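Protein chains in written order, with my numbering: chain A, 1 to 647; chain B, 1 to 126. Cβ coordinates follow ideal geometry from the N, Cα and C atoms, glycine included. Please read all numbers here as calculations on a predicted model, not as lab measurements. To start, the structure under review is shown below, and the notes come after it.
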Amino acid sequence: MKKIYICFVAFLLAFTAVGQTFNVQVGNVVYRFPASRTGDMEFVDGNLLVVMGKSFALADVDAMSVNEVSVQDNNVVISYNGEAAMVEVSGNVAQFVDVTVKGAHVSVAQSNVDAVDGDEITYTLSGAATDGSFSLSGSYKCTVQLAGLELANPGGAAIEIANGKRIQLSAKRGTVNTLADGAGGSQKGCVYSKGQLQIQGNGVLNVTGNTKHAIKSGDYISVKNLTLNIDGAVGDGISCNEYFLMESGCVVIDGVGDDGIQCDLDGTASTGETADHDDEDSGNIYILGGKVDIRVTADAAKGIKSDGDVRIEGGEIAVNTAGGGVWDSEDVKTKASSCISADGNIDITGGVLELASSGAGGKGINGDGAFTAVGGVLSVSTSGNAVVASSSGSISVVTSSQQLDRYDSDYKSSPKGIKVDGSIVIGDSAMVSVSTAGAGGEGIESKYSIEITGGQVAVNATDDAINASNLSSTGGTGDISISGGLVCARSTGNDGIDSNGNCYIKGGVVYAIGSSQPEVAIDANSEEQKKLYVTGGTIIAIGGLESGSSLTQSCYQASSWSKNSWYSMTVGGETLAFRTPASGGTTLVVSGASQPTLKSGVTVSDGTEVFGGAAYVPATVSGGSSVTLSSYSGGGGGPGGGWPGRH
Amino acid sequence: MRKFTFLCLFFVGLFTVYAENTYSYLTFEMTDGAKFSVQASSLSLSVKGNVLTVGEYEFVVSNLTKMYFSAVNETTTTKVDTVADAAFDEAVEIYNLKGEKVGKKELSKGVFIVKKRNGTNKIVVR
């Protein structure tokens with residue numbers, strides 16, 4: 001009985017949807033007016049017909065008809081079919097759209113300056129054309145919906161919107177839409193919008209930019225829900241001003257000739273982040289969720305590049321760069337690729353990031369401001385060597401750190417994992433792992449100061465694993481402070497932890513490994529009367545500590561240690577286990593809140609794996625042999641490690 | 001019983017909505033105030049020069065002021081004379097709205113001007 005009831009209702013609803021429409025066809029454009037709303041359709045001067053405010057020159061009208069077809073308000077439907085396009089315009093917006101169709105090129109001049117019947121106009125595009133386009137001008141926001149569209153324009157942009165207002169570019173659910181523009185043109189993007197561009201929908205959008213960018217907006221771009229594939233571009237994948245915001249969806253960028261996502265400041269001064277991003281012009285890039293996969297291969301190209309800050313709150317982000325370095329004769333500087341580059345700060349509060357740079361000089365993260373990670377999982381790897389430029393600007397690759405030291409900083413770019421000019425703060429639940437493999441590959445570097453208050457930090461580097469310098473230009477202290485968290489800093493060619501100011505170990509678990517003398521596990525700038533201060537924490541230092549250290553918390557040393565062996569360290573009833581490296585400094589130093597006991601050759605049966613498997617904190621161990629510890633006062637690894645100014 | 005009542009009300013609403021959205025006629029108003037209604041269903045219109053062809057009918061565009069959808073036939077017969085057969089026999093000349101002279105036996109559906117010795121009438125041929 002219920003089924004019969006539902007069928008009746010559905011049947012009746014079908015009937016209620018029937019309407020009556022007065023249609024006026026002018027060339028390839030049909031205007032559909034609901035009969036119930038046409039009112040008086042006036043003939044003027046014997047040559048004009050006015051319907052719902054739209055004037056038609058009767059000489060231009062090809063046909064008129066009355067049929068029983070419902071019309072949805074505020075719609076302009078464009079159907080591409082090979083070399084032609086048909087346009088259907090809803091009657092209530094007819095007076096506000098002036099449509100021109102030439103072959104498969106459709107131009108619309110939209111004249112409303114306010115909502116029409118309480119809503120904006122929606123342009124729905126579908127079909128296919130290999131020589132077609134959609135261009136729109138206007139002064140009020142609107143929606144452009146792609147509903148199964150394949151559009152290529154060899155003579156310009158596929159979609160060009162000169163309307164400076166907010167445009168929603170939507171890929172309809174279940175549809176795949178593919179856009180390409182022509183090569184050698186003057187268009188700024190295959191998809192170009194003068195105004196704000198909100199890219200959304202639950203469909204798929206594929207874009208190729210054959211002249212410049214794939215997608216370009218003169219204002220902000222936001223991405224939500226849809227799957228956006230940038231299949232190639234001569235310039236950037238996505239280029240915008242003001243800010244870039246990704247809330248959800250999937251963005252894949254490959255085959256681009258420049259950056260993956262670039263956001264520039266529109267004006268001359270940043271507004272910073274504003275409430276709800278209203279009137280914001282910050283150059284910031286925000287990623288709140290979704291999936292981002294970017295590959296850039298051009299020399300000095302950036303995966304994600306901002307004039308302002310980069311703020312990541314969630315999502316899965318993978319960025320790969322493969323390009324080498326270039327000499328910028330204008331800036332008189334060597335430049336190289338980086339996965340994330342910001343003229344402002346870089347803040348990570350969530351998400352999972354995998355950043356990899358393989359080209360010469362390529363960095364994982366490069367920022368002019370500060371770096372903060374208080375959440376999320378960040379993995380950074382660089383595998384290229386350093387790149388240098390001669391006085392004439394000739395670029396070459398350098399494979400040894402000693403060779404690199406001969407070059408001034410403006411004439412070289414090193415493959416550092418994370419390098420910022422401002423401070424670095426890592427804490428809370430952040431998990432940061434960094435590995436470098438090439439010459440000059442510092443793991444984490446700040447030109448200002450570094451503070452680790454929590455989280456996990458694991459660095460394997462060819463140069464200093466963790467380094468804070470104090471360039472006069474930044475006014476930084478070069479101090480490093482570790483007060484919490486789990487920190488593993490291993491260098492195969494320099495210091496584990498290197499501070500150009502003071503170094504403060506106050507808490508947390510610190511496992512530092514320096515290479516052979518004169519490098520040390522934990523270094524401070526004693527050459528300039530700076531010191532290492534140990535006041536707390538659980539410390540394992542292979543390669544010893546900087547001479548002249550202030551060791552308020554007692555430290556102990558083992559006279560020797562075995563490579564590639566599992567050791568356990570017990571402090572106050574809590575045990576951790578660590579595996580020694582294949583190489584490192586001579587002295588093994590340990591320190592804890594109370595005198596620790598050390599065992600070598602233990603078997604780990606349980607525990608929480610950290611540092612990529614290099615330790616378990618805490619750990620359940622068995623077996624092993626006690627290691628004799630003697631009092632340690634510092635300097636066991638040799639004089640201050642690292643070369644001043646070697647950055 | 002409740003369901004039956006609801007269904008009945010729904011039918012009433014259905015026909016109301018249907019009635020509001022569809023019109024039986026497209027009515028044309030001439031410059032002299034005369035009106036002529038054409039059945040609207042599946043109607044085709046075209047314009048060539050000064051002539052508007054509406055289904056089987058033709059209008060001189062310059063004689064039209066407006067058209068509109070109407071629920072009823074609004075054709076005005078007060079300004080259009082019906083001619084008895086005898087008077088029709090008296091017709092000297094008959095012109096269509098394009099101003100073309102047509103023969104008595106050539107009259108298709110539409111509006112015509114009939115000139116007689118003692119006056120001129122407008123007739124509607126259905």
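8 Å Cβ cutoff met for residue i and residue j
i	j	result
residue 136 of chain A	residue 110 of chain A	yes
residue 58 of chain A	residue 47 of chain A	yes
residue 545 of chain A	residue 590 of chain A	no
residue 617 of chain A	residue 608 of chain A	yes
residue 29 of chain A	residue 89 of chain A	yes
residue 270 of chain A	residue 308 of chain A	yes
residue 169 of chain A	residue 149 of chain A	no
residue 460 of chain A	residue 498 of chain A	no
residue 527 of chain A	residue 585 of chain A	no
residue 437 of chain A	residue 383 of chain A	yes
residue 34 of chain A	residue 91 of chain A	yes
residue 439 of chain A	residue 494 of chain A	no
residue 369 of chain A	residue 296 of chain A	no
residue 509 of chain A	residue 568 of chain A	no
residue 229 of chain A	residue 180 of chain A	no
residue 159 of chain A	residue 134 of chain A	yes
Within chain B, partners of residue i - CB distance below 7 Å
i	result
residue 65 of chain A	43, 44 and 45
residue 40 of chain A	66 and 68
residue 94 of chain A	What residue 94 of chain A touches in chain B: nothing, since even the nearest Cβ is about 17 Å away.
residue 58 of chain A	47 and 61
residue 61 of chain A	47
Nearest to residue i (by Cα), restricted to the options the options
i	options	result
residue 53 of chain B	A/64, A/272, A/464 and A/284	A/64
residue 374 of chain A	A/478, A/413 and A/456	A/456
residue 481 of chain A	A/438, A/517, A/365 and A/535	A/535
residue 547 of chain A	A/447, A/340 and A/521	A/521
residue 143 of chain A	A/134, A/123 and A/128	A/123
residue 43 of chain B	A/21, A/40 and A/38	A/21
residue 316 of chain A	A/442, A/355, A/217 and A/72	A/355
residue 583 of chain A	A/341, A/245, A/385 and A/564	A/564
residue 310 of chain A	A/238, A/318, A/280 and A/343	A/343
residue 604 of chain A	A/210, A/597 and A/613	A/613
residue 238 of chain A	A/215, A/529, A/530 and A/561	A/215
residue 226 of chain A	A/286, A/445 and A/291	A/291
First through last residue of the beta strand (DSSP E) which encompasses residue i
i	result
residue 568 of chain A	566–571
residue 557 of chain A	555–558
residue 295 of chain A	291–296
residue 149 of chain A	142–153
residue 561 of chain A	Premise fails: residue 561 of chain A is in no beta strand (DSSP E) and is neither H nor E.
residue 355 of chain A	352–357
residue 97 of chain B	Note, residue 97 of chain B: premise wrong, no beta strand (DSSP E); not H, not E.
Rounded C-alpha distance that separates residue i from residue j
i	j	result
residue 643 of chain A	residue 487 of chain A	In this prediction, residue 643 of chain A scores a pLDDT of 29, lower than 50, which makes its location untrustworthy; the coordinate-derived value is nonetheless stated afterwards. If you take the alpha carbons of residue 643 of chain A and residue 487 of chain A, they lie about 23 Å apart.
residue 551 of chain A	residue 533 of chain A	6 Å
residue 19 of chain A	residue 24 of chain B	12 Å
residue 395 of chain A	residue 322 of chain A	16 Å
residue 80 of chain B	residue 37 of chain B	Residue placement at residue 80 of chain B is poorly supported in this model, since its pLDDT is 39, which falls under 50; the coordinates are not used for a value here.
residue 151 of chain A	residue 338 of chain A	33 Å
residue 380 of chain A	residue 304 of chain A	14 Å
residue 388 of chain A	residue 505 of chain A	35 Å
residue 366 of chain A	residue 258 of chain A	17 Å
residue 100 of chain A	residue 165 of chain A	21 Å
residue 516 of chain A	residue 559 of chain A	15 Å
residue 69 of chain B	residue 42 of chain A	12 Å
residue 377 of chain A	residue 172 of chain A	33 Å
residue 251 of chain A	residue 174 of chain A	17 Å
residue 588 of chain A	residue 599 of chain A	12 Å
Chain A residues whose Cβ lies nearer than 9 Å to that of residue i
i	result
residue 62 of chain B	43, 45, 46 and 47
residue 97 of chain B	Correct list: empty, because the minimum Cβ distance to chain A is about 13 Å.
residue 22 of chain B	18, 19, 20, 35, 36 and 68
Cross-chain neighbours of residue i in chain A, by beta carbon under 8 Å
i	result
residue 40 of chain B	20, 35 and 66
residue 73 of chain B	Simply none; closest approach about 15 Å.
residue 130 of chain B	The structure shown does not extend to residue 130 of chain B, since chain B is modelled only from 1 through 126, so no value can be given for it.
residue 25 of chain B	Within 8 Å Cβ-Cβ: nothing; residue 25 of chain B doesn't reach chain A, min ~10 Å.
Terminal residues of the alpha helix (DSSP H) in which residue i lies
i	result
residue 38 of chain A	35–38
residue 135 of chain A	Segment 132–137 is the beta strand (DSSP E) holding residue 135 of chain A; no alpha helix (DSSP H) there.
residue 404 of chain A	401–404
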